[in-house]
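Student: For reference, the structure I am asking about is given below.
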Amino acid sequence: MKVPFVSFETMHNEIRQELDNAYKGVMDSNYFIQGQACAKFEQEFADYCGVKYCVGVGNGLDALMLILRALYIGAGDEVIVPSNTYIATALAVSYIGATPVFVEPEIDTFNINPDLIEKKITEKTKAIIAVHLQGRPADMDRINAIAEEHNLKVIEDAAQAHGARYKCKRVGSLGCAAGFSFYPGKNLGALGDGGCVTTNDKEIADKVRALGNYGSDYKYHHIYKGCNSRLDEIQAAFLSVKLKQLDKWNAERKRIAGRYIKEIDNPLIKLPKTSDDVFEHVYHVFVIRCDERDRLEKYLNYNGIGILKHYPIPMHLQGAYVDLGLCEGDLPVAEEISKTVLSIPMYYGMTEEQISFVIERINCFR
Ligand SMILES: *Cc1c(COP(=O)(O)O)cnc(C)c1O
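Spelled out as structure tokens, the structure:
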């Protein structure tokens, strides 16, 4: 049996007609940028997240970068980011000329460890980016409390957590603004690149919208040195179709995760911490840990099971960040995670046989 790491086939086949109609609607409208489809999706996604504003942008990296710019963060400032996240979180900080300051995660949640934030705060610190990694909300009450005490902004990186909840509230509504990605493989993905910013702050929403549209507040009137980062009509139309399915798709992810957690039983495998009554995890990826990760990887590949590593090299050891002067041993938790993690198949449309096969093969690993 073959089990790919991810497949969009079932997901898209079930809504094929609606996606085709969405495409035709945009073609017939003869409007491809900043028209009705984007405005409609923005309203729907704002309502879904329980916020006042949603602004479509080009991708998730831009979403974070534009939020930082809207908050007047830039050269000379520091922004706290987890040491274990996709590099886009840190790159957004670097792009606006500020410096990312890494804080270690908790090894069983993979999210930033609130106990370690305060000692990294300096007079240059302006914000904390709370990443909801793998679909699991970060510890927002503690992060917001620390931020309030030190007068910092909290930005959510919700690129992996569309629909996840923290104390009944959706991610995207838990900080001063949130960045989402609609990269195809995310829980809510476009058929290409896309992203958005959600916020309850009108000033941030207006500024992000202007910055992503050449700094223009109205046509040919430019108040900022902006850039071009907008959500295409065609992608917005596809996203409106897909948003209606998101809760169903997330429920299926949670069900698959439930089977993995209940049935994977191998002393060599460490399972992730699951949802509890504080937060609801939406399993963007299902990440297990194993001290003999590379051997497990070869074994699963040999058995026809697709895997990925999120992420194999921590950011502070990447060539892109040599300028931070960090070495092996400086962020041991992120390093340990990078050496032991393995993501196993997790997608809507996995058959019962495929799920059972993954569980059975992992349980037979010696
Ligand atoms: C995917 C991702 C991003 C970047 O999104 P893009 O749309 O690819 O630019 C940012 N942060 C995290 C945590 C991500 O997983």
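Using the numbering used here, you'd call the opening residue of the sequence shown number 1363 and step up by one each time.
The beta-carbon is built from N, C-alpha and C at its ideal position, and this holds for glycine as well.
Remember, it's a predicted structure, so these values are computed and weren't measured experimentally.
1) For the structure I just gave you, are there three or more beta carbon pairs, one from the stretch 1611-1631 and one from the stretch 1569-1580, closer than 8 angstroms?
2) Determine, using beta carbons only, whether Glu1406 and Leu1688 come nearer to each other than 9 angstroms.
3) Quick one, are the C-beta atoms of Ile1395 and Asp1555 less than 9 angstroms apart?
4) Could you spell out where the beta strand (DSSP E) holding Gly1418 opens and where it closes?
5) Can you give the Cα-Cα distance for Glu1659 and Leu1704, rounded to whole angstroms?
6) Examine the Cβ distances between the stretch 1646-1666 and the stretch 1627-1636 and report whether three or more of them are shorter than 8 angstroms.
7) Taking the straight line between their C-alpha atoms, what separation do you get for Thr1461 and Val1455?
8) Which one of His1643, Gln1716, Met1708, Val1570 has the shortest CA to CA distance from Phe1370?
9) What I want to know is whether the C-beta of Asn1612 ends up closer than 8 angstroms to one or more non-hydrogen atoms of ligand 1.
10) Name the DSSP bridge partner or partners of Cys1589?
11) Would the beta-carbon of Asn1392 be found less than 8 angstroms away from any heavy atom of ligand 1?
12) Can you name the start and end residues of the alpha helix (DSSP H) that Tyr1410 belongs to?
13) Answer yes or no: do Cys1558 and Gly1541 have a C-beta to C-beta separation smaller than 9 angstroms?
14) Do you know offhand how far Asn1383's Cα is from Gly1574's?
15) DSSP state of Lys1581, grouped into three classes?
16) Locate the alpha helix (DSSP H) running through Lys1386, then write down its first and last residues.
17) So is the beta-carbon of Tyr1683 under 8 angstroms away from any non-hydrogen atom of ligand 1?
18) Buried or exposed for Ile1479, please, with buried defined as at least 16 other CB atoms from any protein chain shown within 10 angstroms of its CB.
19) Note down, in chain order, each residue of its chain lying with its Cβ closer than 8 angstroms to the Cβ of Ser1445, except the 5 sequence neighbours on either side.
20) Confirm the yes/no value for this check: CB of Leu1601, any heavy atom of ligand 1, distance under 8 angstroms.
21) Measure the C-alpha to C-alpha separation of Asn1612 and Gly1534 and round it to an integer number of angstroms.
22) Use the C-beta contact count for Lys1488: other C-beta atoms within 10 angstroms, 16 or more gives buried, fewer gives exposed.
23) Put Ser1445 into one of helix, strand or coil per three-state DSSP.
24) So which of Glu1511, Gln1716, Gln1607, Tyr1410 has the shortest CA-CA distance to Glu1376?
25) Please tell me whether Arg1657 and Thr1702 are closer than 9 angstroms, where the distance is taken between their beta carbons.
26) Cβ of Asn1421 within 8 angstroms of any heavy atom in ligand 1?
27) Spell out the partners DSSP gives Ser1543 in its beta bridges.
28) With a threshold of 8 angstroms, establish whether the CB of Gln1396 neighbours any heavy atom of ligand 1.
29) Measure the beta-carbon distance from Thr1484 to Glu1440 and round it to whole angstroms, keeping in mind my assumption that it falls under 8 angstroms.
30) Quick check on the DSSP output: the alpha helix (DSSP H) that includes Ala1696 runs from which residue to which?
31) Please confirm whether any heavy atom of ligand 1 lies closer than 8 angstroms to the CB of Thr1451.
32) Checking the sheet assignment: what are the DSSP bridge partners for Ile1667?
33) With distances taken Cα to Cα, identify the nearest neighbour of Val1413 among Val1419, Asn1421, Glu1404.
Tutor: Reading from the atomic positions:
1) no
2) no
3) no
4) 1415-1419
5) 7 angstroms
6) yes
7) 6 angstroms
8) Met1708
9) no
10) DSSP output for Cys1589 lists no bridge partner at all.
11) no
12) 1398-1411
13) yes
14) 28 angstroms
15) coil
16) 1378-1391
17) no
18) buried
19) Phe1464, Val1465, Glu1466, Pro1467, Pro1676, Met1677, His1678, Leu1693, Val1695, Ala1696
20) no
21) 16 angstroms
22) buried
23) coil
24) Gln1607
25) no
26) yes
27) Gly1557
28) no
29) 6 angstroms
30) 1694-1702
31) yes
32) Val1365
33) Glu1404
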